[in-house]
Amino acid sequence: QKEVEQDPGPLSVPEGAIVSLNCTYSNSAFQYFMWYRQYSRKGPELLMYTYSSGNKEDGRFTAQVDKSSKYISLFIRDSQPSDSATYLCAMTTGGFKTIFGAGTRLFVKA
Amino acid sequence: ETGVTQSPTHLIKTRGQQVTLRCSSQSGHNTVSWYQQALGQGPQFIFQYYREEENGRGNFPPRFSGLQFPNYSSELNVNALELDDSALYLCASTIQGGTDTQYFGPGTRLTVL
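First to last, the sequence lines map onto chains A and B. Quick note on numbering: the first sequence equals residues 1 to 110 in the numbering used here. Quick note on numbering: the second sequence equals residues 1001 to 1113 in the numbering used here.
Next comes the structure, spelled out in structure tokens:
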């Protein structure tokens, strides 16, 4: 079993839709949770960073962490074609090693 | 753009050869991590360097080695290349030996034939 599980998609939605992306994990020691966006042939770009359980909002993006269920989510409101990318969840205990999910490919159709 | 640069952009090598990839960290960042990203997968942690010392290592064999220089730039060296080493190699910089708020470079695409 992988430490972090993420559905690879692809996920295809119409412009303006609310997108829900999710990851589950097995290591209860993870404390820091991140979402990265990666465009084709580019490096990952940090979108959201949260510590422990709770919600965090930044513009059209909301990150949720439920440590009791070992489940994290990223919501994108009013999705745009420019949001089409691969979204990677990542987490760490706070040490030197970050564990990434496999990434979910998102397509937003105009 | 993050300010993290990598060179070269693309590289083609043959099995058994050696390769050196380079990374220049974002200004003010003294820690660099290297990741391998196979096609369709998430990045996998190779190792981290902090103050010119290896600070931690993932599940990669010793033929993967690295260096960090006083100006915090870094190299990833891979010896005895195998076909499975074909991947995007990413470096990420951050502050003070942690992994939060990592800034990634654009990566080097390595193809091993």
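Where a beta carbon is used, it is the ideal one built from N, C-alpha and C, also for glycine.
*At a cut-off of 6 Å, is B:Gly1042 close to the ligand FAD when judged by its beta-carbon and the heavy atoms of the ligand?*
Ligands displayed in this structure: none; no statement on the ligand FAD is therefore possible.
*Neighbouring residues, chain B, relative to A:Lys42 (Cβ below 8 Å)*: Indexing the first sequence from 1 puts residue 42 of chain A at position 42. Per Cβ cutoff of 8 Å: Pro1106 and Gly1107.
*Any Cβ of chain B within less than 7 Å of the Cβ of A:Gly101?*
Counting from 1 along the first sequence, the entry for residue 101 of chain A is found at position 101. It does; some Cβ of chain B falls within 7 Å.
_Rounded C-alpha distance that separates B:Ser1025 from B:Leu1083_ = Looking up residue 1025 of chain B in the second sequence gives position 25. Looking up residue 1083 of chain B in the second sequence gives position 83. Between B:Ser1025 and B:Leu1083, the C-alpha separation is close to 28 Å.
*Residues, ordered as in the chain, of the stretch 5–33 of chain A that lie near chain B by beta-carbon distance below 8 Å*: Gln6, Pro8 and Tyr32
*Since B:Glu963 sits in a beta bridge, which residues does DSSP pair it with?*
Nothing in the structure corresponds to residue 963 of chain B, since chain B is present only between 1001 and 1113.
*For B:Leu1039, does the three-state DSSP call read helix, strand or coil?*
Counting from 1 along the second sequence, the entry for residue 1039 of chain B is found at position 39. Coil at B:Leu1039, not helix or strand.
*Taking a cut of 9 Å between CB atoms, which residues from the stretch 1083–1094 of chain B lie near chain A?*
Leu1088, Leu1090, Cys1091 and Ala1092
*Would you call the CB atoms of A:Ile72 and A:Cys23 closer than 7 Å?*
Numbered from its first residue, the first sequence carries residue 72 of chain A at position 72. Numbered from its first residue, the first sequence carries residue 23 of chain A at position 23. Closer than 7 Å, so yes.
*asked:* Comparing C-alpha positions only, which one of A:Gly43, A:Ser26 and A:Asp7 sits nearest to B:Thr1009?
replied: Numbered from 1 along the second sequence, position 9 holds the residue referred to as residue 1009 of chain B. Ranking the options by Cα distance to B:Thr1009, first place goes to A:Gly43.
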